[in-house]
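Report on one structure; see the data block that follows.
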Amino acid sequence: MAPPVHITFLGGLGEIGRNCAALEVEGRIVMLDCGQLFPDDLPGVDAVLPDFTWLLERADRIEGCVVTHAHEDHIGGLPYLLKALAAEGVSIPIYGAPFTLGMVRGKLKGEGVPIPELIELG
-16 MAPPVHITFL GGLGEIGRNC AALEVEGRIV MLDCGQLFPD DLPGVDAVLP DFTWLLERAD
44 RIEGCVVTHA HEDHIGGLPY LLKALAAEGV SIPIYGAPFT LGMVRGKLKG EGVPIPELIE
104 LG
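With this note's numbering applied, the sequence shown covers -16 to 105.
Below is the structure:
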């Protein structure tokens, strides 16, 4: 029998943006996207991020993050997550299509975030 897969949504439910989920199997975690939300109803707030608390409590178990595409609602939270993980002494690889990883690279460079291992899929 296959081990159970636990899915934890950290954002993106009931909203357009902030897409971020964690898939956990036998204690190992793979993230799916890490986006931000651009709120129309919060004057002065430029972006809303997923709550990374759950991930940071399990930082040493994160195997990487798969990004599905290069829209900000799927990659916009990566600089913030990677900085938070680095503070915990953790670096994770980012997986995605070549174009998507190019956009991730540019975003991280623009934010002054060290670029982790980027692994092309497809």
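Ideal Cβ positions, reconstructed from N, Cα and C, are used throughout, including at glycine. Source: prediction; values computed, not measured.
DSSP bridge partner residues for residue i (one or two, in chain order)
i, result
"V13", "L6, G47"
"V31", "L20"
"H52", "H52 is not bridged to any residue."
Three-way DSSP call (helix, strand, coil) for residue i in this model
i, result
"G93", "helix"
"A(-15)", "coil"
Residue range of the alpha helix (DSSP H) that includes residue i
i, result
"L101", "Where L101 is concerned, there is no enclosing alpha helix (DSSP H), although the beta strand (DSSP E) it sits in stretches over 101 to 103."
"L39", "36 to 39"
Neighbourhood of residue i by C-beta, 7 angstroms cutoff - its chain only, sequence neighbours within 5 removed
i, result
"G60", "C3, C17, G18, Q19, L32, P33"
"T83", "V50, H52, A53"
"F21", "G0, A30"
Residues of its chain near residue i, where Cβ-Cβ distance is below 8 angstroms and the 5 sequence neighbours each way are ignored
i, result
"F73", "For the record, residue 73 in the displayed sequence is Val; it is not Phe. For V73, where only same-chain residues beyond five positions count, the Cβ hits under 8 angstroms are A42, D43, I45."
"K92", "I98"
"K66", "V96"
"I12", "A5, L6, L38, R41, R44, I45, E46"
"V(-12)", "L6, E7, V8"
"P62", "K90, L91, E94, V96"
Beta strand (DSSP E) segment containing residue i, residue limits
i, result
"L(-7)", "-12 to -6"
Chain-order list of residues whose beta-carbon lies under 6 angstroms from that of residue i (same chain, five-residue window excluded)
i, result
"E40", "none"
"D56", "G0, N2, G18"
- Could you pull out every unbroken beta strand (DSSP E) segment of at least 3 residues lying fully inside the stretch 54 to 90, listed in chain order? Restricted to the stretch 54 to 90, the beta strand (DSSP E) segments that are unbroken, complete and at least 3 residues in length are 77 to 79, listed in chain order.
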